[in-house]
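A.B. asks: Protein chains in written order, with UniProt numbering: chain A, 1 to 441; chain B, 1 to 441; chain C, 1 to 441; chain D, 1 to 441. Backbone N, C-alpha and C define an ideal beta-carbon position, used for all residues, glycine too.
Number of protein chains: 4
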Amino acid sequence: MKKDSVKIVTIGGGSSYTPELIEGFIKRYDTLPVRELWLVDIEAGRDKLETVGALAKRMVEKAGVPMKIVLSYDRREALKDADFVTTQMRIGRLPARILDERIPLSHGMIGQETNGAGGMFKAFRTIPVILDIVKDIQELCPNAWLINFTNPAGMVTEAILRHTNFKKTIGLCNVPVNMVAGFAKMLGVEEKDVTMEIQGVNHFIFATDVFVNGESRFQELLDKYAHLSAEDTIQMKNFVSLPYSPAFIEGLGAIPCPYHNYYFFTKEQLEEELEQFKTGTVRGEVVSETEKELFELYSHEELAEKPKQLEMRGGAKYSDAACNLIQSIYNDTGDIQYVNVRNNGTILDLPADSAVEVACRITADGPKPLATGELKLPISGYVHMIKAFERMTIEAAVSGDRNLAVAALNLNPLCPSDELANIVVDELLEAHKEYLPQFFK
Amino acid sequence: MKKDSVKIVTIGGGSSYTPELIEGFIKRYDTLPVRELWLVDIEAGRDKLETVGALAKRMVEKAGVPMKIVLSYDRREALKDADFVTTQMRIGRLPARILDERIPLSHGMIGQETNGAGGMFKAFRTIPVILDIVKDIQELCPNAWLINFTNPAGMVTEAILRHTNFKKTIGLCNVPVNMVAGFAKMLGVEEKDVTMEIQGVNHFIFATDVFVNGESRFQELLDKYAHLSAEDTIQMKNFVSLPYSPAFIEGLGAIPCPYHNYYFFTKEQLEEELEQFKTGTVRGEVVSETEKELFELYSHEELAEKPKQLEMRGGAKYSDAACNLIQSIYNDTGDIQYVNVRNNGTILDLPADSAVEVACRITADGPKPLATGELKLPISGYVHMIKAFERMTIEAAVSGDRNLAVAALNLNPLCPSDELANIVVDELLEAHKEYLPQFFK
Amino acid sequence: MKKDSVKIVTIGGGSSYTPELIEGFIKRYDTLPVRELWLVDIEAGRDKLETVGALAKRMVEKAGVPMKIVLSYDRREALKDADFVTTQMRIGRLPARILDERIPLSHGMIGQETNGAGGMFKAFRTIPVILDIVKDIQELCPNAWLINFTNPAGMVTEAILRHTNFKKTIGLCNVPVNMVAGFAKMLGVEEKDVTMEIQGVNHFIFATDVFVNGESRFQELLDKYAHLSAEDTIQMKNFVSLPYSPAFIEGLGAIPCPYHNYYFFTKEQLEEELEQFKTGTVRGEVVSETEKELFELYSHEELAEKPKQLEMRGGAKYSDAACNLIQSIYNDTGDIQYVNVRNNGTILDLPADSAVEVACRITADGPKPLATGELKLPISGYVHMIKAFERMTIEAAVSGDRNLAVAALNLNPLCPSDELANIVVDELLEAHKEYLPQFFK
Amino acid sequence: MKKDSVKIVTIGGGSSYTPELIEGFIKRYDTLPVRELWLVDIEAGRDKLETVGALAKRMVEKAGVPMKIVLSYDRREALKDADFVTTQMRIGRLPARILDERIPLSHGMIGQETNGAGGMFKAFRTIPVILDIVKDIQELCPNAWLINFTNPAGMVTEAILRHTNFKKTIGLCNVPVNMVAGFAKMLGVEEKDVTMEIQGVNHFIFATDVFVNGESRFQELLDKYAHLSAEDTIQMKNFVSLPYSPAFIEGLGAIPCPYHNYYFFTKEQLEEELEQFKTGTVRGEVVSETEKELFELYSHEELAEKPKQLEMRGGAKYSDAACNLIQSIYNDTGDIQYVNVRNNGTILDLPADSAVEVACRITADGPKPLATGELKLPISGYVHMIKAFERMTIEAAVSGDRNLAVAALNLNPLCPSDELANIVVDELLEAHKEYLPQFFK
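1. Show which residues of chain A have a CB atom less than 9 Å away from the CB atom of D:F211.
2. D:F389 to B:A96, Cα distance in whole Å?
3. Does the distance from the CB of B:G251 to the CB of B:P378 come in under 8 Å?
4. So the candidates are A:L187, A:D193 and A:D136; which of them puts its Cα closest to the Cα of A:N165?
5. So, are the CB atoms of A:G381 and A:L348 less than 8 Å apart?
6. Using three-state DSSP, classify A:A207 as helix, strand or coil.
7. In the DSSP assignment, the alpha helix (DSSP H) including B:K441 goes from what residue to what residue?
8. Please confirm if C:A184 has its CB atom under 8 Å from at least one CB of chain D.
9. Can B:P367 and B:C360 be called in contact, C-beta distance under 8 Å?
10. State the beta-bridge partners of A:P367 as determined by DSSP.
11. Beta carbon of A:F295, beta carbon of A:T51: below 8 Å?
12. Is any beta-carbon of chain E found at less than 8 Å from that of C:K122?
13. How many whole angstroms separate the CB atoms of A:A322 and A:L21, which I take to be in contact at a CB cut-off of 8 Å?
14. Quick one: is D:E302 near chain A, going by C-beta distance under 8 Å?
15. Please report how far the alpha carbon of C:Y263 lies from the alpha carbon of A:F248, in whole angstroms.
16. If you reduce the DSSP assignment to three classes, tell me which class A:R28 lands in.
17. So if DSSP puts D:Y435 in a beta bridge, which residue, or which two residues, is it bridged to?
18. Nearest to B:E301 by alpha carbon, out of B:K3, B:R58 and B:E272?
19. Distance check for D:M109 and A:Y168, CA to CA, integer angstroms please.
20. Roughly how many angstroms separate the alpha carbons of C:S16 and C:V282, rounded to a whole number?
21. Got a sec? Which residues, its chain only, sit under 6 Å from A:Y330 by beta carbon, not counting five neighbours each side?
22. For a test of the three-state rule: what should DSSP assign to D:V180, helix, strand or coil?
23. Counting Cβ pairs closer than 8 Å, one from the segment 423-436 of chain A and one from the segment 389-407 of chain A, do we hit at least three?
24. Let me make sure I understand the geometry here. Which of A:K224, A:E191, A:D223 and A:A230 has the alpha-carbon closest to that of A:V212?
25. In chain order, what are the residue ranges of uninterrupted alpha helix (DSSP H) at least 4 long that sit wholly in the segment 220-301 of chain C?
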């Protein structure tokens with residue numbers, strides 16, 4: 001039944017991440033024969049797509065694999081008969097991200113792009129577009145898998161699950177693989193031998209068990225994690241959070257992900273971001289600079305591989321995770337990966353039709369999540385809170401209900417007050433007006 | 001089957017609240033013939049009990065009802081054949097409460113007695129004692145109803161439900177009746193015509209529907225509540241929270257209780273408490289003063305009724321609520337009251353064996369909660385979070401696990417940091433060492 | 001808010017039950033001032049409606065109450081501004097019922113009208129019509145309460161809950177009130193002092209607790225029920241099932257309703273029905289005879305009250321139950337009645353959006369079910385099985401899927417084999433073709 | 001961490017199945033180095049154990065693997081430091097089985113050993129013994145895995161889960177692997193390429209999805225299954241049930257397991273068994289004969305391998321399944337096997353702490369079930385019914401409550417009446433009195 005080759009469509013193909021994706025497909029060509037890769041973008045992104053597309057073609061040619069790169073500004077033409085669709089678009093591009101970050105910070109509120117106000121507005125801009133893409137997929141390539149790595153990946157996945165009847169959607173994030181890498185390092189074992197049980201939602205997961213070659217080493221790891229030295233913390237900064245007290249970690253009985261810094265070290269995170277705000281170096285601004293440099297590099301005609309500098313862009317393992325996922329589906333490998341899927345009882349006390357980020361066995365029929373039972377008591381309150389925030393945000397994104405947006409933001413632990421929730425929602429609505437017609441009916 | 005008369009045992013009988021309870025039983029004597037009222041206290045409270053007991057006897061005599069008041073320092077003797085047991089004891093008395101409040105405040109953390117650090121330590125001191133009382137009840141008066149209005153009333157109820165097999169326990173609070181009073185005022189109707197649907201846990205409930213003579217007036221009320229004038233807010237300060245934005249209330253679709261100030265107006269509440277901290281007027285200190293004055297009053301031999309000043313003590317409707325509840329059980333009235341009971345699916349997405357505070361039909365077989373379905377989405381995250389805090393606190397109270405205590409406190413939204421969670425837990429453990437043997441094994 | 005008077009619309013007004021309904025409204029006029037009662041029927045029922053309508057008018061006149069009786073063949077005209085709509089129609093009239101009973105019996109299968117094959121086909125005929133009625137209500141009298149006592153009342157209620165967004169629907173049955181009457185007799189107390197906790201679905205309920213003046217007398221009652229004499233069984237034949245063994249009842253820990261005879265005494269019930277089949281006296285045939293006689297009686301111009309003979313019609317307390325329900329809603333009485341409503345967690349392990357038959361507090365905002373927790377273990381399997389049968393039947397009624405109909409019937413414990421399920425479904429489809437267009441697309 | 005070699009203890013080692021187990025371990029020696037295999041039995045089984053043990057030793061010697069076979073009549077000595085414990089004992093041996101079958105049949109009731117009355121009494125005899133074994137394991141080899149293939153395997157597993165705190169227990173059955181084999185044949189593919197999603201409990205599972213190399217071929221398979229020829233049915237008699245109608249299978253949307261014959265073709269199955277009853281050839285009787293012949297064979301000193309005849313014993317793949325499971329745990333293979341484990345939300349609407357038989361990923365940390373969501377509607381009623389029967393049976397097995405036993409049996413669809421439930425329970429209690437002290441206190 002397995003096709004001899006696959007057609008992949010990447011929406012937001014002009015992204016600076018694309019070379020990593022290309023490299024990933026080239027590396028895996030033997031087991032994942034990508035016949036056609038369509039890079040799709042909007043007219044406004046023509047310059048970037050042309051640059052990235054040219055590099056992609058040079059990379060493929062140099063590698064000597066028979067992969068056809070097609071650049072397209074016509075999403076519907078591209079989608080026809082696709083086997084996999086990946087989405088990595090950014091509605092409003094980096095300037096919108098900078099607003100998502102700077103407007104909240106201008107009022108002393110964390111404005112990070114997937115949690116709190118920033119993530120909320122990224123959801124508001126992205127969800128209507130993704131729902132349109134799904135409509136096209138259902139018409140033009142109904143058997144394709146949609147692999148979304150546009151943030152907020154969890155909310156985007158849940159929006160599709162709740163507002164369409166399309167089932168073949170998977171949300172992807174690089175946080176879990178970074179956690180695996182960190183745990184492997186702490187235990188002195190190889191990454192490939194480590195698997196986790198995780199409970200939570202995108203950017204808000206906890207490791208609740210960790211296995212080396214299938215045997216639980218969790219208690220040992222938890223004890224180590226509870227007593228990290230300052231040095232450890234610095235060395236593994238992509239993975240370890242700011243230092244928690246031993247008592248907290250032991251009482252929690254679960255290992256937080258790096259994004260928990262925002263919730264458990266709000267003061268420290270806010271101080272750092274306010275400094276960036278002052279110096280014009282919020283994440284979106286830094287990334288804009290990096291991107292400029294990357295596109296400068298990409299345009300060199302002699303360049304025919306992914307430049308090292310891309311790895312500094314952040315989110316480096318994202319494209320690799322996407323390639324792995326596609327390869328495992330194509331080959332029915334049955335390995336464990338960590339993705340956002342319909343809960344379906346995997347976390348017993350979250351709604352069955354919500355998206356959760358959990359360990360799944362990857363098969364040709366998609367990810368099959370391993371049951372985890374009820375949320376461990378200490379993490380249950382917080383996970384429910386973030387899930388409620390996500391669900392309210394999705395409803396507001398679809399309905400354009402400002403009241404719901406204000407309530408959702410005020411209920412988010414990163415928002416310090418009702419008053420600020422109103423101010424920040426209004427300023428962000430105004431700033432992104434162009435992309436938020438649902439709120440301006 | 002109904003007995004001709006009832007025997008009531010009040011544990012913590014030396015409390016300054018007792019005269020209100022006496023007044024309540026006297027007023028209701030026609031429908032609730034209390035034959036014997038045993039006021040029980042510990043030796044250390046002999047002075048207070050003697051004073052209160054003498055007043056109680058004068059009140060009964062003046063009222064001309066044949067109610068026998070018995071003072072006792074022997075709990076087991078008192079419990080024999082009781083029909084109702086009420087608990088209003090305070091382990092460590094008011095000095096312990098002052099520590100619960102001042103120690104957290106000394107580190108800039110809210111130390112209120114039922115939420116956050118203060119409530120946690122009140123639970124730690126109270127739960128082991130209440131579990132012992134339940135053991136005595138099961139032996140000496142197994143058919144009695146235990147009506148607890150010792151705070152934290154929700155946690156105490158859940159501790160009994162989870163750690164004993166005694167079913168006839170009800171937790172009582174005056175917040176719901178105050179909400180009913182406030183809603184009646186806002187709608188210009190009589191209190192007796194108002195009923196509510198509420199969802200939540202003790203000191204953390206939301207009105208999700210409000211009826212006047214059975215017809216829902218909720219949307220109208222919500223709109224009014226969303227647009228309260230500053231004057232309204234001041235006039236109804238026992239009931240209305242600090243002013244929320246219209247958008248938040250409309251987006252929430254539910255009306256918070258006054259205790260939500262602690263969570264939604266943390267900054268304002270903290271400022272006020274820090275001021276009290278400085279001036280030696282935290283609630284426990286104020287109440288200590290009031291109590292001194294009350295006991296001074298109580299000791300006047302000519303006094304034979306509840307003095308007006310008691311109403312300023314706070315929590316004024318507590319005893320009234322207790323009398324109403326006992327009267328409704330005794331007479332199988334079938335009226336609606338708001339109490340803490342085993343959830344049993346009433347709030348569909350909270351654990352069946354947790355305590356919740358909900359509207360119940362009061363019958364001779366106890367409170368029968370009315371199903372409310374799932375938590376309304378906007379309130380679901382927060383309610384889960386507080387429930388998780390409660391459950392962790394109960395487990396720590398029973399096991400004496402300091403790690404769990406630290407984790408529970410850090411996960412409470414009133415706690416600003418992991419570091420402070422550790423410091424405050426340690427200082428409170430040390431301060432209350434005498435009453436917390438489970439933590440010092 | 002309460003209206004001074006109410007308009008009631010009765011669909012299927014030409015039913016022989018109507019005089020009881022009229023009597024009920026007359027009796028309650030002081031507390032339930034029915035200004036207008038519209039009796040609606042289809043043209044094919046004109047004769048019956050005219051006869052019943054004339055009797056109704058004579059009854060009202062004799063009683064001297066200012067209740068206007070309006071006969072109508074235009075449902076939409078009738079519904080305008082109604083306060084309550086009652087439905088008691090029978091699609092295909094009694095001849096259809098006779099087919100529902102005789103066709104299964106001709107193959108040796110019980111063909112009772114609410115369980116098994118008969119009930120399934122009554123659902124198939126009724127559900128599409130009731131969904132149309134709901135559409136009219138939503139347009140013409142959206143605030144009206146729809147009180148359905150057309151069988152199968154539970155499935156009809158669930159069909160409305162799942163396939164429309166209309167909430168104000170209540171299904172009504174006389175089984176629970178007959179159980180209350182029986183229990184009162186067994187305990188030697190008055191009916192009005194007895195309340196029950198029940199778990200189950202329409203025609204498949206179990207009493208799981210029974211209270212006299214609010215005190216549980218369940219264990220005593222269960223013991224009595226477990227040891228009924230043959231004489232008791234005969235005397236209370238409307239209520240007591242065939243005699244169960246003491247061990248079964250004690251092990252069950254719940255008291256079955258009379259309809260459980262079909263499931264627990266299938267052999268005996270089948271033998272009785274096969275005898276009726278041979279003698280032309282299946283229930284539908286008997287009722288046809290009775291109806292003829294009743295209409296003969298009704299047409300006597302001197303008759304101006306409900307004739308005694310109607311009580312032999314069976315289902316006698318139905319109309320009374322309907323009048324009580326309407327009166328309690330109108331007056332917000334808060335009394336306990338047993339109706340079919342959205343589950344909403346009342347029975348914790350049945351779907352929240354299914355209909356269940358449970359004890360409810362009746363208010364002006366409708367029935368508020370009292371939480372019952374999980375199904376008692378011994379009854380849980382059977383209740384789930386019947387609920388699955390109901391849900392499959394509803395889906396088949398809406399979709400016209402014959403396979404689903406066959407599977408549903410074969411899964412019903414009254415159906416002896418897959419082969420017969422196919423035969424009986426096909427014969428009934430053919431026999432009722434006229435009323436089942438959804439199966440003949 | 002993986003040990004170099006493993007110690008396995010087989011309780012009921014004198015079983016005629018043992019040679020298959022030995023063969024299984026020999027075949028897998030390279031990947032599963034069994035250093036010691038202890039065959040444990042009771043004194044009464046000394047003859048059989050000596051015979052089987054001698055054969056086992058000859059088999060090992062011939063194979064030339066360094067596996068030590070130890071015969072023991074001291075369970076506690078044997079368990080010390082075991083890595084895996086398998087249980088295949090039969091309390092009361094085959095004569096008890098014959099009673100389990102013949103007594104119900106003497107009253108016209110199916111008496112099969114895992115469903116209905118026979119299975120119930122096997123549970124009554126086995127559960128107290130298995131709970132004792134678990135106590136020993138917890139003391140003597142707490143890290144061992146207990147792999148139970150004593151029937152009723154599902155109830156035994158649930159009894160351990162509910163009545164001990166031992167987690168490392170797995171129930172095993174050969175039905176799922178036989179279904180895989182049958183599906184592979186029907187689709188013309190290899191067994192190793194087929195995986196299933198199943199929902200249900202032991203001997204009552206339904207295939208709800210079937211994959212070939214990970215791609216769902218379920219609809220195709222369902223259609224084939226719905227239209228099997230009579231010849232197919234005969235050819236695959238170990239796997240295919242009696243022929244269902246196409247409509248039933250399509251409406252069910254799931255493929256039953258062979259044991260469903262008992263429920264869906266009760267009449268046919270009963271007729272067959274009554275014939276066997278008359279001729280003295282009920283299963284237990286046939287197996288007794290076979291066993292005699294097998295032991296005759298086993299005692300030949302020249303025999304040093306598993307005789308072909310054992311395959312006719314029935315349940316042939318049981319031991320193979322056990323070896324596979326142990327091998328996968330030992331090697332952390334991550335392959336899919338179908339075992340009885342704690343539900344934990346895998347089947348969303350069955351209790352979390354019940355045992356279910358589902359597809360699991362087998363790891364060094366045991367089986368990790370793949371979430372399946374809610375029971376498919378058509379199978380939900382029946383599965384709940386059998387689960388309720390199982391849970392009542394377990395409670396009766398532990399408590400010795402005859403009433404519960406009668407109620408459980410009467411609620412089982414194989415029991416035709418309450419009267420027979422009482423008779424059959426009493427006769428079986430009497431017949432097995434020696435092994436059922438809990439019922440004769």
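C.D. replies: Reading it off the structure:
1. As a first step, residue 211 of chain D must be located in the fourth sequence, where it is residue number 211. Within chain A, the residues whose beta carbon sits less than 9 Å from that of D:F211 are D332, T363, A364 and D365, listed in sequence order.
2. The residue labelled residue 389 of chain D in the question sits at position 389 within the fourth sequence. The residue labelled residue 96 of chain B in the question sits at position 96 within the second sequence. A direct Cα-to-Cα measurement between D:F389 and B:A96 gives close to 53 Å.
3. The count along the second sequence starts at 1 and reaches residue 251 of chain B at position 251. The count along the second sequence starts at 1 and reaches residue 378 of chain B at position 378. Taking 8 Å as the Cβ cut-off, B:G251 and B:P378 qualify as a contacting pair.
4. Within the first sequence, numbered from 1, the residue matching residue 165 of chain A stands at position 165. Comparing C-alpha distances from A:N165 to each of A:L187, A:D193 and A:D136 shows the shortest one belongs to A:D136.
5. Here residue 381 of chain A corresponds to residue number 381 of the first sequence, with the count starting at 1. Here residue 348 of chain A corresponds to residue number 348 of the first sequence, with the count starting at 1. Their beta carbons are not under 8 Å apart, which means A:G381 does not touch A:L348 by this criterion.
6. Counting from one through the first sequence, the residue named residue 207 of chain A turns up at place 207. A:A207: strand per DSSP, three-state reduction.
7. As a first step, residue 441 of chain B must be located in the second sequence, where it is residue number 441. First-last for B:K441: undefined, no H or E at that position.
8. Position 184 of the third sequence holds residue 184 of chain C. With respect to chain D, the C-beta atom of C:A184 has no partner C-beta closer than 8 Å.
9. Mapped onto the second sequence, residue 367 of chain B falls at position 367. Mapped onto the second sequence, residue 360 of chain B falls at position 360. Closer than 8 Å, so yes.
10. Start at 1 with the first residue of the first sequence, and residue 367 of chain A comes out as number 367. DSSP, once it has assigned bridges, lists A:I362 as partnering A:P367.
11. To locate residue 295 of chain A, count along the first sequence from 1; it is residue 295. To locate residue 51 of chain A, count along the first sequence from 1; it is residue 51. In this structure, A:T51 lies closer than 8 Å to A:F295 by Cβ.
12. Among the chains of the structure shown, chain E does not appear; the protein chains present are A, B, C and D.
13. The sequence position of residue 322 of chain A within the first sequence is 322, counting from 1. The sequence position of residue 21 of chain A within the first sequence is 21, counting from 1. That pair is a contact at about 7 Å.
14. Walking along the fourth sequence from the start, residue 302 of chain D turns up at place 302. No, its Cβ sits nowhere closer than 8 Å to a Cβ of chain A.
15. Indexing the third sequence from 1 puts residue 263 of chain C at position 263. Indexing the first sequence from 1 puts residue 248 of chain A at position 248. Distance between the alpha carbons of C:Y263 and A:F248 is about 56 Å.
16. By one-based count along the first sequence, residue 28 of chain A stands at place 28. It is coil, neither helix nor strand.
17. Taking the fourth sequence and counting its residues from 1, one reaches residue 435 of chain D at position 435. Answer is none; D:Y435 lacks a bridge partner.
18. What you label residue 301 of chain B is simply residue 301 of the second sequence in a count that begins at 1. Of the candidates B:K3, B:R58 and B:E272, the one whose C-alpha sits nearest the C-alpha of B:E301 is B:R58.
19. For the purposes of this step, residue 168 of chain A is identified with residue 168 of the first sequence, where counting begins at 1. For the purposes of this step, residue 109 of chain D is identified with residue 109 of the fourth sequence, where counting begins at 1. The sequence as given places Lys at residue 168 of chain A; Tyr does not occur at that position. Using only the alpha carbons, I get a separation of about 48 Å.
20. As a working note, residue 16 of chain C is residue 16 in the third sequence. As a working note, residue 282 of chain C is residue 282 in the third sequence. Near 18 Å, if we compare the C-alpha coordinates of C:V282 and C:S16.
21. By 1-based counting over the first sequence, the position of residue 330 of chain A is 330. These residues qualify, in order along the chain: L32.
22. Walking along the fourth sequence from the start, residue 180 of chain D turns up at place 180. Helix, per DSSP.
23. With the rule of 3 Cβ pairs closer than 8 Å, the segment 423-436 of chain A counts as touching the segment 389-407 of chain A.
24. Working through the first sequence from its first residue, we reach residue 212 of chain A at position 212. When C-alpha distances from A:V212 are compared across A:K224, A:E191, A:D223 and A:A230, the shortest belongs to A:E191.
25. You should have 230-235, 246-252, 261-264, 266-279 and 283-298.
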